[in-house]
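Protein chains in written order, with the numbering used here: chain A, 1 to 423; chain B, 1 to 399.
C-beta atoms are modelled at their ideal positions from N, C-alpha and C, and glycine is treated no differently.
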Amino acid sequence: MVSSIWPPLKNNKYQMKQYYLLTMLLCSSAALLAQIDPVLLRQTEKDTSGLKMNMDAIYNRPFLQLGKLPVALGGYVEANYQYLKENGISEGHQFQMRRLTLFVSSSIAKRIKFLSEIEFEDGTKEINIEFASVDFELSPLLNFRGGVVMNPIGAFNQNHDGPKWEFIDRPISATQMLPATWSNVGFGIFGKKYVKDWVYAYEAYFTNGFDDKIINNEEGKTFLPASKENADRFEESFNGSPLFTGKIAVKNRKVGELGLSYMGGIYNKYQEDGLTLDKKRPVNVFAIDFNTTLPKSNTYINGEWAWVHVDVPETYTEQYGRNQQGGFVDIVQPVLKQPMMGFEKAVLNVALRLEYVDWNKGTFKSTAGKISDEVFAFVPAISWRPTPQTVIRLNYRHNTQHDILGNPPSKIAGFQFGFSTYF
Amino acid sequence: MKKQWLVMGALITVILVAIACEKILPGAPAHDSILDGPIEGLTGEQHQLFLRGDVAFNDDVFTAANGLGPLFVSTSCGSCHAGDGKGHPFTTLTRFGQTDSTGNKFMQLGGPQLQNRALPSFMPEQIPLGATFSKFTPPANTGLGFLDAVTDHTILSLADEHDADGDGISGRVNWITLPVYITHRPGTVERNNKYIGRFGKKAAVYDLMQQTANAYNQDMGIVSTYEPYDSYTHQDLDPEVTNQKVLDLVFYLRTLKAPIQRNENDADVISGKQLFTSIGCAKCHIPELKTGDCSIAALANKTFHPYTDLLLHDMGPGLNDGYTEGSALTEEWRTPPLWGLGLSKNSQGGQYYLLHDGRASTIEDAIKGHGGEGKASNELFQKLSAADQVLLIKFLESL
Chain A
1 MVSSIWPPLK
11 NNKYQMKQYY
21 LLTMLLCSSA
31 ALLAQIDPVL
41 LRQTEKDTSG
51 LKMNMDAIYN
61 RPFLQLGKLP
71 VALGGYVEAN
81 YQYLKENGIS
91 EGHQFQMRRL
101 TLFVSSSIAK
111 RIKFLSEIEF
121 EDGTKEINIE
131 FASVDFELSP
141 LLNFRGGVVM
151 NPIGAFNQNH
161 DGPKWEFIDR
171 PISATQMLPA
181 TWSNVGFGIF
191 GKKYVKDWVY
201 AYEAYFTNGF
211 DDKIINNEEG
221 KTFLPASKEN
231 ADRFEESFNG
241 SPLFTGKIAV
251 KNRKVGELGL
261 SYMGGIYNKY
271 QEDGLTLDKK
281 RPVNVFAIDF
291 NTTLPKSNTY
301 INGEWAWVHV
311 DVPETYTEQY
321 GRNQQGGFVD
331 IVQPVLKQPM
341 MGFEKAVLNV
351 ALRLEYVDWN
361 KGTFKSTAGK
371 ISDEVFAFVP
381 AISWRPTPQT
391 VIRLNYRHNT
401 QHDILGNPPS
411 KIAGFQFGFS
421 TYF
Chain B
1 MKKQWLVMGA
11 LITVILVAIA
21 CEKILPGAPA
31 HDSILDGPIE
41 GLTGEQHQLF
51 LRGDVAFNDD
61 VFTAANGLGP
71 LFVSTSCGSC
81 HAGDGKGHPF
91 TTLTRFGQTD
101 STGNKFMQLG
111 GPQLQNRALP
121 SFMPEQIPLG
131 ATFSKFTPPA
141 NTGLGFLDAV
151 TDHTILSLAD
161 EHDADGDGIS
171 GRVNWITLPV
181 YITHRPGTVE
191 RNNKYIGRFG
201 KKAAVYDLMQ
211 QTANAYNQDM
221 GIVSTYEPYD
231 SYTHQDLDPE
241 VTNQKVLDLV
251 FYLRTLKAPI
261 QRNENDADVI
271 SGKQLFTSIG
281 CAKCHIPELK
291 TGDCSIAALA
301 NKTFHPYTDL
311 LLHDMGPGLN
321 DGYTEGSALT
331 EEWRTPPLWG
341 LGLSKNSQGG
351 QYYLLHDGRA
361 STIEDAIKGH
371 GGEGKASNEL
381 FQKLSAADQV
391 LLIKFLESL
């Protein structure tokens, strides 16, 4: 059955609280705007289709600013239609409002900034504060960040805004193996150094982290996103052990950007009230990401690959993988760049995504045969950007998914059509 | 301007062509190539119930939060019976502690089933010293409703406990004691307060209700009002699954379709079937049975082709693990239905794991494993020409 290929996680505990918060925010903004002349509104337009360094993504968004007020607002929305079939069975025509995301940024002082991102997913099924942190710039090479931060593992987690991508679905490896979007309360530092055509950057954070749901969840597999169900992680650490996330990246303006990242910590509750419950069990994630634009053809290539290692108890079921790996590569080729239907900067792209995830890399103890539980997908796409901030997308998706035993695969395929735009 | 309209036109054409082009969407596999799906003739209401059971069977994954374990074998029904087919050694069950009809002597030490996995921080069970054990590969679920609807009288009519006809085959019934929550079938036969078991490798299970409640309890560590005894605490506990969920699952198992034979009219398959009968396989693997009256009309009074007699047979020392259930002897095994045999690989990860513990990796190996009452047929199979053996295997793979 095609219920939903990527089932949303349940996280309704604080929905009402967040809803009220957001309503208040919107009402106060609306009241403010109602009293002023619209010509005073400044659109801080940015070319968001050309990716800068991934770590800059949170600020590389268009914001609307009122006069000289230090607060700027922004956001994006995406909706789509899809018709998919799984092994010949379809749930028919589906219309989806996947995301409505609101940004609020503020320059508190010359080198103190605040930015928040609140996201409504699938209507109001999930409401999350994805980012809400204050940045103190001590120098370009040393910035201090605290609050709800997005752990910089891979590239997609930080650079996930819908309008930046030519594909309606987010990458499987980024959302179903890595837990994008994955944010936690914590503190850290980041910085950049420019040397001629090169930019060197780093980030390092200690945050709250995972919990034992990653190996004890209704997905029936090791599933890092299961920890997103734990809304308490914004209030207290599950086990008192911080999660470290660090990334180094280098970018050459002519060649592209390469990032190496690591995220690791203890995921299980190994002690409580001073009593030992279990040994400390680590989860370690390594990722590499790369993006470039080929100079002659202007072809944009963006990819990410990650490895996950989880210390799963030997006496637990092999259904929960000890090792996972997966990634994606997107190839985007602009084919027409010219004014179209009154849009001066319109671009028509063709694109292709290839993606793969192995949720359980290993062999069965009983047979020494390969454990499967993997998916391969390809997604050809056509996208039209009337402006850099808006994308209209047509995707054909084809997934081939094997169960843990490697039985004949389940095949899911179909069409998706939709838009995503900053506002 | 013209160019823009061309672009838009091309886009719209692509969309229309794409939507119209069903060929690039995955088609349904052939009906006879898969095991899941309901029996024909169910009403809309029964389809609703079937779907509820489908969710309980295939989608419900148990975790510590909703009752899993703490000792268990598997986290869901579907993980042992992928696509409703036979299981893989990864989820093979181990049972221990009973050597004769006097019962299991190791119940207080975790019998009859080994929970070989445990939640983090907990230790799984070990087979106690001195206990004999046997491993059971999870069977396919399909067509169980038909087997459930066979009357006790039909089963008794197939039995020949003392081999009165002298053919060397002496199938007998496993008389078992029923749990209190079991509702007797209409016309059920009772002897000394014992009843005919028909499910399980040793025919020690009366019906699908007992099978389901047992599987929740023993396989996943989920206690219910039917089976409240917890294998970890050795106490009765509050139910961790609703009665409704158990009943949904039972309905699902009852209404799963029977496997459909492929290439039934192929000349080789027909020849293979003749060989199957001529060397005596069909004496135990009875090709055709008939259901009696049934509360589900689509199952009532139907002729079907399971290739079993639901009886116990002595299978010789090679298959005697020293463990048993009910009144079966350790060397006795219930004739497994052969329907769906050819599709087993599709649920066992691409290769066969046959016989009760999956020891046979080919159908030939499974035949060679037959001793006791099956020995004569096994020897006749070995004497067939290579070409005839191929025909017989081809027939079995068509089931």
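With a threshold of 9 Å between beta carbons, residue 154 of chain B makes no contact with chain A. In chain order, 85, 87, 88 and 89 make up the part of chain A whose C-beta sits under 9 Å from the C-beta of residue 28 of chain B. Residues of chain B whose Cβ lies closer than 8 Å to the Cβ of residue 167 of chain A do not exist; the shortest such Cβ separation is about 15 Å. Residues of chain A whose Cβ lies closer than 7 Å to the Cβ of residue 117 of chain B are, in chain order, 315, 316 and 317. Beta-bridge partners of residue 309 of chain A (DSSP): A/284 and A/323. Within chain B, the residues placing a beta-carbon under 7 Å from that of residue 218 of chain A are 61 and 63, ordered along the chain.
At a Cβ-Cβ threshold of 9 Å, residue 325 of chain A and residue 221 of chain A do not count as neighbours. Taking all protein chains shown into account, residue 387 of chain B has fewer than 16 neighbouring C-beta atoms within 10 Å of its C-beta and is therefore exposed. Chain-order list of chain A residues neighbouring residue 377 of chain B: empty, with the shortest C-beta distance near 29 Å, by a criterion of under 8 Å. Between residue 131 of chain B and residue 97 of chain B, the CB-CB gap stays under 9 Å. Here the region 265-275 of chain B makes no contact with the region 145-161 of chain B; the two share fewer than three CB pairs at distances below 8 Å. Within the DSSP secondary-structure output, residue 203 of chain A pairs in a beta bridge with A/190 and A/247.
Residue 123 of chain B reaches chain A at 315, counting residues in chain order whose Cβ is nearer than 7 Å.
A check of alpha carbon separations from residue 209 of chain B across B/266, B/259, B/149 and B/230 identifies B/149 as the nearest. Contact of residue 303 of chain B with chain A is not assigned, every C-beta pair being separated by 9 Å or more.
Residue 341 of chain A sits in coil when the DSSP states are folded into three classes, being neither helix nor strand.
The alpha carbon of residue 353 of chain A has as its nearest neighbour, out of A/347, A/381, A/369 and A/372, the alpha carbon of A/381. Residue 291 of chain A and residue 256 of chain A do touch by the CB rule: their CB atoms are close to 6 Å apart, below 8 Å.
For residue 408 of chain A, the C-beta contacts it makes with chain B under 7 Å involve 346, in order along the chain. Against residue 94 of chain B, chain A offers no close residue; the least beta-carbon distance is about 11 Å (beta-carbon pairs closer than 8 Å). Close partners of residue 321 of chain A in chain B (Cβ separation under 8 Å) are lacking, with about 13 Å as the shortest Cβ gap. Look at the region 31-95 of chain B and you find these whole runs of alpha helix (DSSP H), each 4 residues long or longer: 44-54.
Collapsing the DSSP output to three states places residue 8 of chain B in a helix. Shortest Cα-Cα distance from residue 226 of chain B to any of B/212, B/135 and B/138 involves B/212. Within the same chain, 223, 228, 229 and 230 come within 8 Å of residue 236 of chain B by CB-CB distance, once the 5 residues on both sides are set aside. For the pair residue 313 of chain B and residue 39 of chain B, the Cα-to-Cα distance works out to about 30 Å.
Look at residue 93 of chain A here: in three-state DSSP terms it is strand. Residue pairing by DSSP places residue 102 of chain A opposite A/75 and A/118 in a beta bridge. In terms of Cα proximity to residue 395 of chain A, the closest of A/134, A/144 and A/170 is A/170. Contact check for residue 54 of chain A and residue 330 of chain A: beta-carbon distance about 13 Å, past the 8 Å limit, so the pair fails to qualify. If you draw a 10 Å sphere on the C-beta of residue 31 of chain B, you find fewer than 16 other C-beta atoms in it, and that means exposed.
Counting only residues of its own chain and dropping the five nearest sequence neighbours on each side, residue 53 of chain B has a CB closer than 6 Å to the CB of 248, 249, 251 and 252. Only 364, 366, 367 and 369 from the region 359-378 of chain A bring a Cβ to less than 7 Å from some Cβ of chain B. Across the set B/56, B/217, B/339 and B/72, the C-alpha of B/339 shows the shortest separation from the C-alpha of residue 146 of chain B. In terms of beta-carbon proximity, residue 242 of chain B stays away from the interface with chain A, with every pair separated by 9 Å or more. Around the beta carbon of residue 285 of chain A, a 10 Å sphere encloses 16 or more other beta carbons of the protein chains shown; the residue is thus reported as buried.
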